[in-house]
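Each protein sequence line maps, in turn, to chains A and B.
Read in this note's numbering, the first sequence has 178 at position 178, and its numbers run on one by one without any break.
Read in this note's numbering, the second sequence has 261 at position 261, and its numbers run on one by one without any break.
The beta carbon of each residue, even a glycine, is placed where N, CA and C say it ideally should be.
One structure is given below, encoded as structure tokens.
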Amino acid sequence: MAKATWRIAPQGDSCLMVEFGQKIDRETNLRARALAQYLVDHPLSGVVDVVPAFTSVAVHYRPEAFAEPAGTALPYERLAAHVEQVLQAGVERQAPEPRHVEIPVCYGGEFGPDLEEVARARKLAPDEVVAIHSQSPHIVYMLGFAPGFPYIAGLDERLAMPRRATPRLKIPLGTIAIAGGQSVVYTLETPGGWNLIGRTPLRVFTPETDPPCLLRPGDAVHFVPITLAQYKAQCDAGQDAAAERA
Amino acid sequence: MSVEVIRPGLLTTVQDLGRFGYQRFGVVAGGVMDNWAQRLANAAVGNDEREATLEITMQGPVLRFGEPALVAVCGADLAPRIGSVPFPQGRPVLVRAGAVLEFRAGEQGCRAYLAIRGGFRVPVVMGSRSTYIRAALGGLEGRALKKGDRLPVDAYAPGWYPELDRALDEAKTPFAAPRWSVGFTAVPASARRVRVVAGPQWDLFSQETRELFLGTEFGISVNSDRMGYRLTGAMLKLRRPAEMISEAVTFGTVQVPPDGNPIILMADRQTTGGYPKIAQVAAVDLPRLAQARPLERFAFELVTLAEAQQAYLARERELAKIRESIDFQRRQ
Chain A
1 MAKATWRIAP QGDSCLMVEF GQKIDRETNL RARALAQYLV DHPLSGVVDV VPAFTSVAVH
61 YRPEAFAEPA GTALPYERLA AHVEQVLQAG VERQAPEPRH VEIPVCYGGE FGPDLEEVAR
121 ARKLAPDEVV AIHSQSPHIV YMLGFAPGFP YIAGLDERLA MPRRATPRLK IPLGTIAIAG
181 GQSVVYTLET PGGWNLIGRT PLRVFTPETD PPCLLRPGDA VHFVPITLAQ YKAQCDAGQD
241 AAAERA
Chain B
1 MSVEVIRPGL LTTVQDLGRF GYQRFGVVAG GVMDNWAQRL ANAAVGNDER EATLEITMQG
61 PVLRFGEPAL VAVCGADLAP RIGSVPFPQG RPVLVRAGAV LEFRAGEQGC RAYLAIRGGF
121 RVPVVMGSRS TYIRAALGGL EGRALKKGDR LPVDAYAPGW YPELDRALDE AKTPFAAPRW
181 SVGFTAVPAS ARRVRVVAGP QWDLFSQETR ELFLGTEFGI SVNSDRMGYR LTGAMLKLRR
241 PAEMISEAVT FGTVQVPPDG NPIILMADRQ TTGGYPKIAQ VAAVDLPRLA QARPLERFAF
301 ELVTLAEAQQ AYLARERELA KIRESIDFQR RQ
């Protein structure tokens, strides 16, 4: 393994960025997640948010919390020195064990209108697309774009697809979509250019729970094919559970 | 006890300083657009700065106070009045039970903040009362106010500002207010420069493009909202197309999508983004932008990180002084 390096830089006066590399891969993402986890587990007063992404971690802070009375060092410099010290101690190598999360998916049909097109483009049968997608080892690299919206790496190369030329205006909640080397689950009804292959009956963003989402960075995700009848049964069960909570 | 919404105004939402601690789950931080005016309003009624206020956009609501209430309005001047009497801004105002406060469409600024002593007591969602309409989170049922809403507030307890309690008993007016003011316009209208520090991708832009960025007077497109301001005035081109890996963005990030028209990310920005970031607005100048109306023009001015952080700290000291002076006044 190459010697671990990082780059600390400001993003304006209230955010510090740590960058671990310029390429999206498991190792780089793992380091970003490990640092973010450490900073969440060892909170600093004045740090308001820690946001891991594919290859970086953002530390959002209130500058006044890092101001020196004498005022020689900038708040940014004091926070950067702390983060540097944490990294020197090697926390970026202490990746936690992943949680395993199963996501039932009803593939194709009205839920996955692009499944057949993906199959044609990749010279596969639709069933093969489902088999490959549901048997690949997926891992959540980051959440972003919308509340609880996961970017899930580990898409088999046989399913590599570009984004659609024209984005759809409205993608329903729970839709599973693929593009590039990744899968996503739509957690908010939004426009999007990914290829829609199925839908889960699970609620992926749940503001009433803490944390407010089913998936977290680092989770190992297993997509499990279900039938339309199973999809409907699980939707009903979900609504009953929600009604009970309310 | 509640405040009744007789007319909602153009876009009136409950906002506090934002929903922090959840951005790593993709949850938008949101919160007030102008945290200077909002904190002044909270300070004027002796609130902790984290209490929830109303953010009133461009055209104001009509609100009825069923019980006495201590309120303050700061930020944009939307010509508030109670009956035929102009409502004094930038100071604590004790209104009588049954008072109807009416805002209009003002000339100055874009967003007014109404603070009430004790804050608006809508439910806390993920540590914040801020309304995020797109995901229907927080605030009053996750949406803008509408006619007939009742905003929960604590009953007014006299004693924080005894002189106002006495004055309201004696006054014939529908409210009592001191003569002093904390100043309610966030920014003088003449100030038209917005300070920025270089963004993470500053070096990806050519010298020529950077000069264009700093030398252009940009206009705020009508297609702008709490999520972002789209700017028109100059097309900023990259030296070569950049393959950007999505990473965190923040309030005031100036990003450049492929069409070259920059976008400033505002309060309801997404947590992460994948466009090159040419600059970052200094936090002290975000209130100035928050008060700019669509089609207003301004130019960017490049400062160092040290200048931006020193200006930020100076602004915090100024607020602390204002709080002290309010405390001094009310104890007289």
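Below 6 Å CB to CB, which residues in the same chain sit around residue i once its five sequence neighbours on both sides are set aside?
i	result
A:ALA9	MET17
B:ARG330	TYR161
B:ASP225	none
B:LEU305	VAL197
B:SER190	Confidence is the limiting factor: at B:SER190 the pLDDT is only 44, short of 50, which leaves the residue's position unreliable, though a coordinate-based value still follows. Closer than 6 Å at the Cβ level, and outside the excluded window around B:SER190, lies no residue.
B:ARG239	SER206
B:PHE218	LEU231 and GLY233
B:PRO178	ARG91
Looking only at its chain, what residues have a beta carbon closer than 7 Å to the beta carbon of residue i, apart from the 5 residues adjacent to it on each side?
i	result
B:PRO200	LYS277
A:TRP6	VAL18, GLU19, PHE20 and LEU87
A:MET142	PRO52, ALA53, PHE54, TYR151 and PRO217
A:GLY46	TYR61, ARG62, ALA65 and PHE66
B:ARG7	PRO61, VAL62 and LYS147
B:PRO188	Because B:PRO188 carries a pLDDT of 48, less than 50, the predicted location of this residue cannot be relied on, and the following value inherits that uncertainty. None.
B:VAL45	LEU70, VAL71, ALA72, PRO92, ALA115, ILE116 and ARG117
B:ARG81	PHE87 and GLU102
A:GLU130	Residue 130 of chain A is actually Val in this sequence, not Glu. Closer than 7 Å at the Cβ level, and outside the excluded window around A:VAL130, lie TYR107 and PRO225.
B:ALA76	GLY106, GLN108, GLY109, CYS110, ARG111, ALA112 and GLN291
B:THR333	Past the boundaries of the shown model lies residue 333 of chain B; chain B is included only from 1 to 332, so the question cannot be answered.
Could you name the residues of chain B that residue i contacts, counting a contact when the two beta carbons are closer than 7 Å?
i	result
A:ASP13	VAL197, ALA282, ALA283, LEU305, ALA308, GLN309 and TYR312
A:LEU143	ARG24, PHE25 and GLY26
A:ASP219	Residues of chain B passing the Cβ test: none, with the nearest at roughly 12 Å.
Under 7 Å Cβ-Cβ, which residues of chain A neighbour residue i?
i	result
B:MET126	PRO207 and PRO212
B:PRO399	Examination of residue 399 of chain B is not possible in this model, given that chain B is present from 1 through 332 alone.
B:ALA135	PRO147 and LEU188
B:GLU4	In chain order: nothing, as chain A lies at least about 26 Å away.
Since residue i meets chain B, which of its residues come closer than 8 Å, beta carbon to beta carbon?
i	result
A:THR55	ILE245 and GLU247
A:PHE149	GLY26
A:VAL91	Near A:VAL91 there are no residues of chain B at all, since even the closest Cβ is about 16 Å away, more than 8 Å.
A:VAL101	None at all; the shortest Cβ gap to chain B is about 14 Å.
I want to verify the contact list: residues of chain A whose CB lies under 8 Å from the CB of residue i, in sequence order.
i	result
B:THR272	VAL51, ALA53, MET142, GLY144 and PHE145
B:THR250	GLN11, GLY12, SER14, CYS15, ALA58 and HIS60
What does a CB cutoff of less than 8 Å around residue i pick up in its chain, not counting 5 residues either side in sequence?
i	result
A:THR227	CYS106
B:ARG19	VAL27, VAL28, ALA29, GLY30, GLY31, VAL125, MET126, GLY127, SER128, SER130, TYR132, LEU137 and GLY138
B:TYR312	ALA282, ALA283 and VAL284
B:GLU296	GLY219 and ILE220
B:GLU318	none
A:MET1	Because A:MET1 sits at a pLDDT of 44, beneath the cut-off of 50, its placement in the model cannot be relied upon, and the point is left open.
Residues of chain B with CB under 9 Å from residue i, in chain order?
i	result
A:VAL86	Within 9 Å Cβ-Cβ: nothing; A:VAL86 doesn't reach chain B, min ~17 Å.
A:VAL48	GLY18, PHE20, GLY21, GLN23 and ALA29
Which residues in chain A have a C-beta closer than 9 Å to the C-beta of residue i? List them in chain order.
i	result
B:GLU318	Per Cβ cutoff of 9 Å: no residues; B:GLU318 is ~12 Å from chain A at best.
Anything in the region 16-39 of chain B with a Cβ closer than 9 Å to a Cβ of chain A? List those residues in chain order, please.
GLY18, PHE20, GLY21, TYR22, GLN23, ARG24, PHE25, GLY26, VAL27, VAL28 and ALA29
Give the residues from the region 23-41 of chain A that approach chain B closer than 9 Å (Cβ to any Cβ), ordered along the chain.
LYS23, ILE24, ALA36 and VAL40
Just to confirm the assignment: which complete beta strand (DSSP E) runs, minimum length 3, are found wholly within the region 142-203 of chain A?
Listed in chain order, the complete beta strand (DSSP E) runs (minimum 3 residues) inside the region 142-203 of chain A are 150-153, 168-171, 175-179, 182-185, 190-192 and 195-199.
Chain B contacts from the region 59-81 of chain A (Cβ-Cβ distance under 7 Å):
HIS60, PRO63, GLU64, ALA67, LEU74, PRO75 and TYR76
Do the region 206-214 of chain A and the region 116-135 of chain A touch if we need at least three Cβ pairs shorter than 8 Å?
The region 116-135 of chain A and the region 206-214 of chain A do not touch, with fewer than three beta-carbon pairs separated by less than 8 Å.
Just list the alpha helix (DSSP H) runs in the region 261-316 of chain B, keeping only unbroken ones of 4 residues or longer that don't cross its boundaries, in chain order.
You should have 286-290.
Should the region 165-173 of chain A be called in touch with the region 145-153 of chain A, which here means at least 3 C-beta pairs below 8 Å?
Short answer: they don't touch.
Just to confirm the assignment: which complete alpha helix (DSSP H) runs, minimum length 4, are found wholly within the region 40-102 of chain A?
Correct list: 75-88.
Tell me the start and end of each unbroken beta strand (DSSP E) in the region 172-233 of chain B that is at least 3 residues and wholly inside, in chain order.
If we require 3 residues or more, the beta strand (DSSP E) runs fully inside the region 172-233 of chain B come out as 193-198, 218-220 and 228-232.
Does the contact criterion of 3 or more C-beta pairs under 8 Å hold for the region 195-212 of chain B versus the region 229-240 of chain B?
Yes, the region 195-212 of chain B touches the region 229-240 of chain B.
Against chain B: residues of the region 186-215 of chain A by CB proximity under 7 Å
LEU188, PRO207, PRO211, PRO212 and CYS213
Is the region 36-49 of chain B touching the region 229-236 of chain A in the sense that three or more CB pairs, one from each, lie closer than 8 Å?
no
Just by C-beta distance, which residues in the region 166-185 of chain A are closer than 9 Å to chain B?
Those would be none; no residue qualifies.
Curious, which full-length beta strand (DSSP E) runs of at least 3 residues does the region 8-39 of chain A contain?
Within the region 8-39 of chain A, the complete beta strand (DSSP E) runs of at least 3 residues are 15-19.
Contact the region 190-199 of chain A vs the region 32-43 of chain A: 3+ CB pairs below 8 Å
no
Taking three-plus beta-carbon pairs below 8 Å as touching, is the region 319-329 of chain B in contact with the region 98-109 of chain A?
no
List, from N- to C-terminal side, the beta strand (DSSP E) runs of 3 residues or more that fit wholly inside the region 73-97 of chain B.
93-95
With three or more C-beta pairs closer than 8 Å as the rule, is the region 55-74 of chain B touching the region 96-107 of chain B?
yes
Mind listing, in chain order, the continuous beta strand (DSSP E) runs of no fewer than 3 residues lying wholly within the region 213-242 of chain A?
220-225
Sufficient close CB pairs (3 or more, under 8 Å) joining the region 111-118 of chain A to the region 180-198 of chain A:
Enough Cβ pairs lie closer than 8 Å, so yes.
Inspect the CB distances between the region 134-141 of chain A and the region 154-161 of chain A and report whether three or more fall short of 8 Å.
yes
Minimum length 3: unbroken beta strand (DSSP E) runs contained in the region 23-73 of chain B
Scanning the region 23-73 of chain B for uninterrupted beta strand (DSSP E) segments of 3 residues or longer gives 53-57 and 62-65, listed from N- to C-terminal end.
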